[in-house]
Each structure stands twice: as structure tokens, then as C-alpha cells.
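Heads up: the sequence shown begins at 1 in the UniProt record's numbering, then just goes up one per residue.
The C-beta atom is built at its ideal place from N, Cα and C for all residues, glycine as well.
Just so we're clear, the structure is a prediction, and the values are computed from it rather than from any experiment.
Data block below; observations after.
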Amino acid sequence: MLEYMECILNLYEVVYLSLDPSRANSMTRSGQCRLAPLIPCIQDSSCLYDSTVRILFQLHKGNRL
């Protein structure tokens with residue numbers, strides 16, 4: 001699960017670094033085309049993050065005496 005989140009973050013970084021601030025940004029068509037694939041990635045990563053946090057809380061709850 002954490003490896004999948006890392007892959008999503010790496011994809012985000014590659015897309016973000018491919019945007020040239022002087023040419024393509026989120027307000028141009030080319031910038032929007034580059035950013036569009038990140039929407040499902042953000043949705044997936046938020047679900048994975050929520051699941052990870054729930055698991056960590058359960059593990060922490062189990063360690064109480």
C-alpha cells in the first residue's frame with residue numbers, strides 16, 4: 001500500500017516538474033491536459049492515506065496497557 005502511494009507521489013512529481021512556468025500552467029490547455037491524469041491519482045492517494053492512518057491508529061490502540 002505504501003509503495004503504491006510512493007508511485008503516485010513520483011508520478012505527481014514528474015508531471016509537476018514537466019510544467020514550464022513560462023509556458024504551461026494550470027490555466028492553459030496544455031497545462032490542463034498534463035494535470036488531468038493527476039485527479040484520479042489524488043483520489044486514490046487520499047483513500048490510501050486514510051486507510052494507512054486507520055491502520056496506524058489500530059496498531060497504536062493495541063499497544064496500550
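Buried/exposed call for residue i, threshold 16 Cβ in 10 Å
i: Ser45; result: buried
Assigned secondary structure, residue i (DSSP; H/G/I helix, E/B strand, else coil)
i: residue 72; result: Nothing in the structure corresponds to residue 72, since the chain is present only between 1 and 65.
i: Asp44; result: helix
i: Met5; result: helix
i: Asp20; result: coil
i: Ser26; result: coil
Contacts around residue i, its chain only, beta-carbon distance under 7 angstroms, and the 5 residues preceding and following it disregarded
i: Leu48; result: Met1, Tyr4, Met5
i: Ser19; result: Contrary to the premise, residue 19 reads as Leu rather than Ser in this sequence. Here the set comprises Asn25, Gly31, Arg34.
Cβ shell of residue i (< 8 angstroms), same chain only, five flanking positions each side left out
i: Val15; result: Arg34, Leu35, Pro37, Leu38
Quiz item: Are the stretch 53 to 61 and the stretch 2 to 16 touching, with three or more C-beta to C-beta distances below 8 angstroms?
Solution: no
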